[in-house]
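Here is the structure we will look at, set down as structure tokens.
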Amino acid sequence: MQNYADNMRDFVEKHATGLAVALVAGVSALALRRWMAGGVCRSRVRLDGKTVLITGANCGIGKETALDMANRGARVIMACRDMTKARIAADEIRQQSGNGNVVVKKLDLASLQSVRDLAKEVQENEERLDILINNAGIMFCPKWETQDGFEMQFGVNHLGHFLLTNTLLDLLKKSTPSRIVNVSSMAHEKGRIHFEDINLDKDYDPHTSYRQSKLANVLFSRELASRLKDTGVTVYSLHPGIIRTELGRHLFPTLAMWKRIVAAAVMTFVKSPWEGAQTTLHCAVDERLANSSGLYYSDCAPKEPAPQALDDAAAKRLWDLSASMVGLA
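Mapping to the numbering used here: the sequence shown position 317 is 317, numbers consecutive.
Structure follows, in structure tokens:
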């Protein structure tokens with residue numbers, strides 16, 4: 001034992017500098033990881049008797065959001081495009097939460113008819129809708145079009161949710177106090193709405209498109225909150241953080257190998273889906289937000305969005321354009 005202690009002492013003395021560097025690096029990495037994790041929703045409110053609809057709830061932060069809502073006792077409607085994955089996710093959520101009131105409904109946000117069909121089914125079969133979480137999204141895809149001929153990212157991330165929200169407003173008003181949560185992104189900070197070329201037909205770039213769609217989420221929330229003032233329906237938009245999810249599946253194949261290696265290393269520090277869902281949950285259930293509406297959140301706290309997201313004239317113009325595109329009066 002004495003020889004072992006002596007050997008350890010000698011080793012430490014000879015490698016003191018290297019061990020110190022390793023210790024500092026390890027502590028720094030842990031601190032960085034903790035900082036990247038962000039805020040946590042502290043509300044313990046129960047949702048028994050309440051109904052929550054979440055788009056894109058079969059994976060990532062949508063699934064974590066659905067699980068949390070089920071744990072709180074809510075009736076959870078998972079509105080998803082991939083029904084096979086959605087049914088598997090719903091089974092897992094029922095088992096983990098012990099809540100059998102978790103249902104799956106078909107929703108393809110790239111089809112306005114699919115949006116209308118889901119909204120009609122919900123209106124006809126649900127007595128109430130307390131929380132609508134517009135979570136689903138697509139990022140950095142090629143120049144694709146929705147079934148109705150719209151640019152895919154703008155169509156799915158904004159127009160589909162715009163139509164869904166508007167067609168469910170009567171049920172949300174009937175269920176007050178109720179909430180609408182729109183999952184946006186810090187990407188909106190570099191975005192602008194290309195009103196004269198909304199589908200980016202003249203010069204398509206996947207990053208430009210994504211930023212436009214995320215800015216649209218924030219502007220939509222702002223205008224919607226104004227229109228719903230004093231109705232008992234409150235609206236929130238948010239940045240969930242950089243998260244390890246499937247959202248980047250269209251980006252990684254386009255990267256050079258060295259960039260993929262760097263990205264893989266960086267991903268070890270970013271948020272898990274559970275951590276990424278916390279700001280959504282905060283906006284959906286925290287009692288302190290009951291009298292707030294139209295604000296933008298990050299890490300479970302209000303945050304000032306980019307200046308272009310505070311442009312009321314642009315928000316109104318976007319609303320009118322979106323309503324025209326989806327066929328709303």
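Where is the CB? At the ideal position from N, CA and C, for every residue including glycine.
Leaving aside the five residues that flank Leu321 on each side, the residues in its chain whose CB is nearer than 8 Å to its CB run, in chain order, Phe195 and Ile198.
The continuous beta strand (DSSP E) containing His239 extends over residues Val233 to His239. In the DSSP assignment, Tyr204 is bridged to no other residue.
With fewer than 16 other beta carbons inside 10 angstroms of its own, Gln123 counts as exposed.
Closest in C-alpha terms to Trp274, from the list Thr17, Gln153 and Val40, comes Val40.
In this chain, the alpha helix (DSSP H) harbouring Cys283 covers Gln278 to Val285. Secondary structure of Val122 (DSSP, three-state): helix.
With a cut-off of 8 Å on Cβ pairs, the region 152 to 163 is in contact with the region 130 to 144, counting three or more such pairs. Residue burial is scored here from C-beta neighbours: Pro206 has at least 16 other C-beta atoms within 10 angstroms and is therefore classed as buried. In the displayed model, Leu47 falls within coil according to three-state DSSP, outside both helix and strand.
Note: Glu151 is bridge-paired with Glu145 in the DSSP secondary-structure output. For Ser322, the enclosing alpha helix (DSSP H) begins and ends at Asp312 to Val326. Cys283 is the residue among Asp230, Leu112 and Cys283 whose C-alpha sits nearest the C-alpha of Tyr236.
Cβ-Cβ distances below 8 Å link Lys202 to nothing in the same chain once the five nearest sequence neighbours on each side are left out.
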